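Numbering-wise (UniProt numbering), the sequence shown opens with residue 1 and increments by one. Structure, as structure tokens:
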Amino acid sequence: MRIKVDPARCQGHNRCLDLARDLFVDDDFGYVTEVGDGSVPADEVRRAELAVLNCPEAAIELIAD
Ligand code: F3S
């Protein structure tokens, strides 16, 4: 699995960072992107799902490999 953040949708709510700190990185303005290629380790999948569900802008997609 991997995650992808849509930069056009992200408004910097940062709930994703609270839920899955290792999967996202923020810039100086609070907008996030996925870490690296967005790969989600097996033991982080549940956190990734929570991040998807809790983003108010629906900016995060969880994609099956
Ligand atoms: Fe952006 Fe959603 Fe995270 S708006 S900072 S992707 S919670």
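Ideal Cβ positions, reconstructed from N, Cα and C, are used throughout, including at glycine. Values in this document were obtained by computation on a predicted structure and should not be read as measured data.
For D28, the shortest C-beta to heavy atom distance toward ligand 1 is 8 angstroms or greater. At a threshold of 8 angstroms, V25 does not count as near ligand 1, since its beta carbon sits no closer than that to any of the ligand's heavy atoms. For V35, the secondary structure class from DSSP, reduced to helix, strand or coil, is coil. Inclusion of R9 in the 8 angstroms shell around ligand 1 follows from its C-beta lying nearer than that to a non-hydrogen atom of the ligand.
Take the alpha-carbon of A48 and the one of G12: they are about 17 angstroms apart. Taking a 10 Å sphere around the C-beta of L53, we find fewer than 16 other C-beta atoms and assign the residue as exposed.
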